[in-house]
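A.B. asks: Encoded as structure tokens, here's the structure I'll be asking about.
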Amino acid sequence: MSAPDGKYWNKELETLPREQLEAKQLEDLKEIVQFAYDHAPYYKRSFDEAGVKPSDIHTLKDIQKFPFINKKTQRDTQGVGSFLGELAAVPEEDVVFVSTSSGSTGVPTMSPFTKKDFDEFQDTESRWFYQIGMRKNDRYVHALNFSLYVGGPDVIGAQNLGALCIWGGTLPSERLLFILKTYQPTIIWTSPSYAWQLGEKAIKAGYDPKKDFSIKKIIVAGEAGGSIDSTRKAIEDLWGAEVFDFYGLSDIFGACAAMCEAKDGLHIAENHILVETRDIHTGEILPPGETGELVFTTLRKHARPLIRFRTGDIGRIDYTPCKCGRTHGRIHIQGRLDDMFIVSAVNVFPSDIEAVIHELKEVTGEYLIRIFEKDFTCKYAVEVEKASGNTETDEALAEKVSAALKARIGVKPARVVVHPDGGLNTRSEHKSKRVIDERNIDYNI
Ligand SMILES: [Zn+2]
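Written out as structure tokens, the structure is:
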């Protein structure tokens, strides 16, 4: 591994001319598809059924001949034939670590790593930490869940970089604030909603997050907020710190992509992941720059290769040169396909609504979205909190929020409910539930 050079953890890799980067991707793609075919029972069967062979790959585009997999494929094949299941391509004795998904959308799925997979995962995390400016003299609090969660071990990437690491995990807020005050760490990683709530709690506990703490950088992941400019700005103003968004998948790495100082999308580790974008209606593969479901092929993970994995995340990839000099493409994530709902033929993401709420000074920033059906038509309602000190009537505020949503999204909410400051119970430790989909319930009535 090369030594850090200026602002790059691995300058050669991060600034590789695209032609060479794509040549390396092609070489690894051929190898991993062959490896998957030879060692994972599922791929042998599925490629044979589709009439494709690893030797059919001559260019990166040839991956389009191969079948997709998704979360259901993982669920259906795990535990089948062996402990690690039919997508695994190595014997269990070669596996040193497994993470599992949260199971928020069904049975949790397990992601195995060989020693080499795990070391490369941590080197990628070191690269992201270095990219946001973490150095040896930083004190870093890793405030992510350590239980089964793939984001837990990311802290090793910070340790390998040489930072002083505090394994915070999901501590209660009071203890985390004690750490921020007593140890004066400079960087913290948590979810965007929790970064916001922790700042609010600090103020209520009598601290000034800008003066009493030394936090200069906040890493956020796990929710769309970090890629919403108004949300990032609100957290930055609260803490007097810079906010960087990271993006990970339990199926691959704790962070597969991360913002650089330009904050214009997240650089994805293209040496590990080949990105395609799939039209959510037609299933066609879209040209770079167009928005659709992101499909990832892992190029170097041998324990369980993912060939054309439909992530369920909606976004686009941008290959235009970035100001930072890195050549790896940048992804812009809009939200989860599961969370998208269609109102009057308009695709709406909760992140679009959040962006509007966080731009309005008249509300606290907390919100709850309800999606429901009336007369066989999908509708949405939004609940907000009036900022303390705001003297306008609830009716006037509701009208203002409704107009702002209509202007940004194109469709008005069916209603806006105004609560007093603190009236919504959406504030929770580390991960908030802010969308309630009532559509199935309405169907049953
Ligand atoms: Zn950049």
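Count the sequence shown with full-length UniProt numbering and you get residues 1 to 445, in order.
Just so it is clear, CB atoms sit at the ideal spot from N, CA and C, and this is done for glycine as well.
Since we're looking at a predicted model, the values are computed, not measured.
#1: In this structure, how does DSSP classify residue 250 when only helix, strand and coil are distinguished?
#2: Assign residue 375 to one of three DSSP states: helix, strand, or coil.
#3: On a Cα-Cα basis, can you pick out the residue from 160, 245, 3 and 148 that is closest to residue 170?
#4: Is there contact here, the segment 409-425 with the segment 335-346, by at least three beta-carbon pairs under 8 Å?
#5: Going by DSSP, which residues form a beta bridge with residue 267?
#6: From 63, 354, 87 and 64, pick the residue whose C-alpha is nearest to that of residue 71; which is it?
#7: Would you say the beta carbon of residue 262 comes nearer than 7 Å to a heavy atom of ligand 3?
#8: Rounded to whole angstroms, how far is the Cβ of residue 11 from the Cβ of residue 133, which I believe are closer than 8 Å?
#9: Over what stretch of residues does the beta strand (DSSP E) that includes residue 112 continue unbroken?
#10: Can you list, in chain order, the residues of its chain with a C-beta nearer than 8 Å to that of residue 177? Leave out the 5 residues immediately preceding and following it.
#11: At which residue ranges does the segment 16-101 contain complete beta strand (DSSP E) runs of 3 or more residues, listed in the order of the chain?
#12: Rounded to whole angstroms, what's the CA-CA distance from residue 288 to residue 144? Just pull it up for me.
#13: Distance check for residue 79 and residue 65, CA to CA, integer angstroms please.
#14: How many whole angstroms separate the CB atoms of residue 166 and residue 183, which I take to be in contact at a CB cut-off of 8 Å?
#15: Taking the beta carbon of residue 296 as the centre, do at least 16 other beta carbons fall within 10 Å, making it buried, or is it exposed?
#16: Looking at C-beta atoms only, is the number of pairs between the segment 267-275 and the segment 295-313 that lie closer than 8 Å three or more?
#17: Grab the span of the alpha helix (DSSP H) containing residue 182 for me, first residue to last.
#18: In whole angstroms, what is the alpha-carbon distance linking residue 239 and residue 210?
#19: Ignoring anything shorter than 3 residues, give me the beta strand (DSSP E) runs that lie fully in the segment 316-368, in order along the chain.
#20: Tell me which residue opens and which closes the alpha helix (DSSP H) that residue 299 is part of.
#21: Could you tell me the alpha carbon to alpha carbon distance between residue 353 and residue 18, rounded to whole angstroms?
#22: Measuring CB to CB, does residue 245 end up less than 8 Å from residue 222?
#23: Using only the alpha-carbon positions, how far apart do residue 131 and residue 4 sit?
C.D. replies: Based on what the coordinates show:
#1: coil
#2: coil
#3: 148
#4: yes
#5: 258 and 330
#6: 87
#7: Summarising the ligand content, the structure contains ligand 1 and does not contain ligand 3.
#8: Wrong, their Cβ atoms sit about 16 Å apart, outside the cutoff.
#9: 110-114
#10: 198, 201, 202, 205 and 207
#11: 95-100
#12: 32 Å
#13: 28 Å
#14: 7 Å
#15: buried
#16: yes
#17: 173-183
#18: 5 Å
#19: 330-336, 341-343 and 346-348
#20: From DSSP, residue 299 is part of no alpha helix (DSSP H); its letter is neither H nor E.
#21: 36 Å
#22: no
#23: 10 Å
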